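See structure below.
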Amino acid sequence: MKEVEMYLDRLLKIFVDQRTTKALFQATVVLAGAFLLGVKDQGPFLFEKEASAYELKFKIEEKVGKPLSEIDCSNIKQGAANCRLAKYKMETIGSYTSAFMAFMDLIRIFLIICGAGALASFILRPAFVAAEPEPEPEIEAEDAETS
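Just so we're aligned: 732 in the numbering used here is position 122 of the sequence shown, and the numbers increase by one with no gaps anywhere.
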């Protein structure tokens, strides 16, 4: 049991170490930047592609009078290419959006963990780190010889 206590004490000392707090804060800044860049750059791109896919889907559905999932594109005489393109766009945008959202959720989770860890490490440091004694001022060699 003593070994477990020593191990946990060592982990706590590592967690509240100043270098750990600094590293967690840096990771938080990097992850926040990655998250914001992803939202800023990929969000409008995804919206544009999704709007294009849905526009084509709705045109085909209006023309045929059925939902796109129930339409057999080979039976359509005019617009079979657009029908297949609409199905392809809907599948592609769906998988791309799912992958993007999963990646952004992963970044967000790590961002929360690193941010909370940095904050906890910063707040807990005074409670767990013993006050380091201030170094005594060094007496210069000439002053020591004259006394």
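Just so you know, even glycine gets a beta-carbon here, dropped at the ideal spot from N, CA and C. Every value quoted in this text rests on a predicted model; they were computed, and no experiment measured them.
beta-carbon residue i near the ligand PLP non-hydrogen atom, thresh 7 Å
i    : result
Q636 : Within the structure as shown, the ligand PLP is missing, as the structure has no ligands at all.
Residues near residue i by beta carbon distance below 7 Å, same chain, minus five either side
i    : result
E671 : P677, L678
A728 : T631, L634, F635, T638
F710 : Q652, L656
V626 : S731, L734, R735, F738, V739
C693 : I670, I681, C683, I686
Residue burial classification, residue i (beta-carbon count within 10 angstroms, cutoff 16)
i    : result
L622 : exposed
K667 : buried
A696 : buried
L646 : exposed
Sequence-distant residues of the same chain with beta carbon closer than 6 Å to residue i, five excluded per side
i    : result
K659 : I703
A690 : C683
Candidates the options: closest to residue i by CA position
i    : options                : result
F738 : L618, M611, I722, M711 : L618
A663 : Q688, A730, F645, Y706 : Y706
G648 : I719, L721, M714, F720 : M714
G725 : E613, M611, G643, K650 : G643
M700 : E665, L721, K673       : E665
Under 8 Å between C-beta atoms of residue i and residue j
i    : j    : result
I717 : L641 : yes
Secondary structure of residue i, DSSP reduced to three states
i    : result
K687 : coil
I681 : coil
M611 : coil
D627 : coil
K667 : helix
K600 : Absent from the structure is residue 600, since the part of the chain shown begins at 611 and ends at 757.
Beta-carbon proximity list for residue i, same chain, < 8 Å, skipping 5 on both sides
i    : result
I624 : T630
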